[in-house]
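Residue numbers (full-length UniProt numbering): 1 to 112.
Positions of the beta carbon are idealized from the N, C-alpha and C atoms, including for glycine.
Note that the structure is a prediction, hence the values are computed from the model and not measured.
To start, the structure itself, in structure tokens.
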Amino acid sequence: MSELPPCPGCQSPFTYHDGMQLVCPECGHEWVAGESEQADEEAQIRDANGNLLVDGDTVTVIKDLKVKGSSSVVKVGTKVKNIRLVDGDHDIDCKVDGIGPMKLKSMYVKKA
């Protein structure tokens, strides 16, 4: 019996081939073998230096950033604690001291 990967949706070990796809009988998830590994690599968010970022990290801003709709500026060297990674163009949700909640691009921060 060949060893098939577990379901990426529910981690069930009871996956089976259905033509070119793999199928999970427990949750009904269908995927192409090897596709989940590529998705995991693409989903990683990295800072300006290429370091991997995770939820809860502390980052430092590496460029003055204008705050849209305000005359405020997030200065170089500002530390932002407890970031949360999200999907989208601005991939970091955080609270900046003195400014409040905002979204940042990972290309303008480095891991502290």
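Check	Outcome
Helix, strand or coil at Met102 [DSSP, three-state]	strand
Completely contained alpha helix (DSSP H) runs for the UniProt domain "Protein YjdM N-terminal" (3-31), where each covers 4 or more residues	none
Contact with chain C by Leu65, beta-carbon distance below 9 Å	Within the model displayed, chain C is absent; a lone protein chain is all it includes.
Exposed unless 16 or more other CB atoms sit within 10 angstroms - verdict on Asp64	exposed
Coarse secondary structure for Met1, derived from DSSP in three states	Confidence at Met1 is low in this model, with a pLDDT of 45, below 50, so the placement of that residue should be treated as unreliable; the coordinate-derived value is given next. Here Met1 sits in coil by DSSP.
Own chain partners of Met1 with C-beta closer than 7 Å, once the 5 adjacent residues on each side are dropped	Note that Met1 scores 45 on pLDDT, short of 50, meaning its location in the model is unreliable; the coordinates nonetheless yield the value given after this. For Met1, where only same-chain residues beyond five positions count, there are no Cβ hits under 7 Å.
Assigned exposure category for Val59 - 16 Cβ within 10 Å defines buried	buried
Status (buried if at least 16 other CB within 10 Å, exposed otherwise) for Cys10	exposed
Those runs of the beta strand (DSSP E) which lie wholly inside the segment 42-83 and span at least 3 residues	59-61
Limits of the unbroken beta strand (DSSP E) element including Val96	Ile92 to Val96
Classification of Cys94 by the beta-carbon crowding that lies within 10 angstroms, buried from 16 upward	buried
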